[in-house]
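If you read the sequence shown in the numbering used here, its first letter stands for residue 156, the second for the next number, and so on. Built from N, CA and C at the ideal position, the CB exists for glycine as well.
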Amino acid sequence: MNILRPERLLAACLGLMALPTLAEPAFDPLLDAAQFAQHANADGPLTATAPNPYDYGRPWIRVGVKSQSLTYYDGWGLPVKRYAVSTAKNGVGETKNSYQTPRGWHRVCERIGDGVTPDTIIFRRDITPWKYTSELHEQYPDKDWILTRILWLCGMEPGKNQGGDVDSYERFIYIHGAGEHVSYGTPTSLGCVRMKSHDVIDLFNRTPKGTDVLIEENG
């Protein structure tokens, strides 16, 4: 049996201490949510994530004007639901009385219509006792019906969609329900984002006041 002398034992210990150690990877808080969401589903296909670029970690909404779609993302940046919508027939723009859909970052400032039945007519933000019908549409074919729910948007970018003659809130820009006559997937509105009644109810139930909304021209 070989017994190391004290001086050899000390030399061996010093040699071990001189070996390089493996450094732990630096923690990057900006990657935690997206990577966690992906690794949690590692046994299945990975899902692309899109965390809120304006306020990381909060659910958010993206409206794509080009694709005529609205996507709701949860706090992890996972796309939870995508809906067909209809934005302005006059295209995009922020100026008052342009009847165009504004671009950029917005926030849900008001929620109107919680609990009312589908196809309830909302007039000047008041809930009415009347319901939208196809017969009513035939009688008033050019009417821009606002139905069921309203998510009233306020702009978050001063000079672009907030303040002066480009203020989205003062322009009464909504995400709102509309009738079945609307050709969803095609721009037909007077500036708002139109949705089917059952879709806007679903979105409304997911969307608290203060939710961030990005409207992208090429999205």
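Pop quiz: residue i and residue j are said to be a contact at Cβ under 8 Å. What is the actual Cβ separation, rounded to whole angstroms?
| i | j | result |
| --- | --- | --- |
| Thr-242 | Pro-342 | 5 Å |
| Ala-239 | Ser-253 | About 24 Å; that fails the 8 Å criterion. |
| Gly-332 | Arg-304 | 5 Å |
| Asn-373 | Lys-244 | Not really, about 18 Å apart at Cβ, beyond 8 Å. |
| His-353 | Pro-273 | 6 Å |
For residue i, is the classification buried or exposed, using 16 other Cβ atoms within 10 angstroms of its Cβ as the cut-off for buried?
| i | result |
| --- | --- |
| Glu-249 | buried |
| Thr-288 | exposed |
| Phe-278 | exposed |
| Lys-251 | exposed |
| Arg-280 | exposed |
| Trp-215 | buried |
| Lys-461 | Coverage of the chain is limited to positions 156 through 374, which leaves residue 461 absent and any answer about it impossible. |
With distances taken Cα to Cα, identify the nearest neighbour of residue i among the options.
| i | options | result |
| --- | --- | --- |
| Pro-206 | Gly-219, Lys-351, His-336, Pro-234 | Pro-234 |
| Glu-371 | Gly-334, Asp-354, Asn-316, Arg-326 | Asn-316 |
| Asp-357 | Gly-212, Val-321, Gly-270, Gln-294 | Gly-270 |
| Ile-282 | Asp-229, His-292, Ile-267, Gly-219 | Ile-267 |
| Arg-258 | Thr-275, Leu-291, Arg-217 | Arg-217 |
| Thr-275 | Gly-334, Pro-208, Leu-302 | Leu-302 |
| Gly-334 | Asp-320, Val-355, Gly-314 | Val-355 |
| Thr-204 | Trp-215, Pro-214, Gly-232, Gly-219 | Gly-232 |
Suppose the cutoff is 6 Å on Cβ atoms and the five residues either side in sequence are ignored; what does the same chain contact list for residue i look like?
| i | result |
| --- | --- |
| Lys-236 | Tyr-227 |
| Ile-330 | Leu-306, Val-348 |
| Leu-345 | Tyr-254, Asp-299 |
| Tyr-339 | Ala-239, Ser-241 |
| Phe-359 | Arg-304 |
Leaving out five residues before and five after residue i in sequence, what residues of the same chain have Cβ atoms less than 8 Å from its Cβ?
| i | result |
| --- | --- |
| Ala-178 | Only weak support exists for where Ala-178 lies, its pLDDT of 43 falling under 50; the coordinates are left without a value. |
| His-261 | Leu-308, Cys-309, Gly-310, Met-311, Asn-316, Ser-323, Ile-328, Asp-367, Val-368, Leu-369, Ile-370 |
| Lys-364 | Val-263, Cys-264, Glu-265, Arg-266 |
| Val-321 | Glu-249, Thr-250, Lys-251, Pro-257, Gly-310, Gly-314, Lys-315 |
Mind checking who residue i pairs with in its DSSP beta bridge?
| i | result |
| --- | --- |
| Val-247 | Thr-256 |
| Cys-309 | Arg-262 |
| Gly-332 | Leu-302, Met-350 |
| Leu-376 | Nothing about residue 376 can be read from this structure; the chain reaches only from 156 to 374. |
| Ser-344 | Ala-243 |
| Asp-281 | Phe-278 |
| Asp-367 | Trp-215, Arg-262 |
Any heavy atom of the ligand FMN closer than 7 Å to the beta-carbon of residue i?
| i | result |
| --- | --- |
| Val-220 | What this structure holds is no ligand at all, so the ligand FMN is not there to describe. |
Excluding the five sequence neighbours on either side, which residues of its own chain have a C-beta within less than 7 Å of the C-beta of residue i, listed in chain order?
| i | result |
| --- | --- |
| Asp-210 | Asp-367 |
| His-292 | Gly-334, His-336 |
| Phe-191 | Low local confidence applies: a pLDDT of 41 at Phe-191 is under 50, so the model's placement there is unreliable, with the coordinate-based value given in what follows. So no residue of the chain qualifies. |
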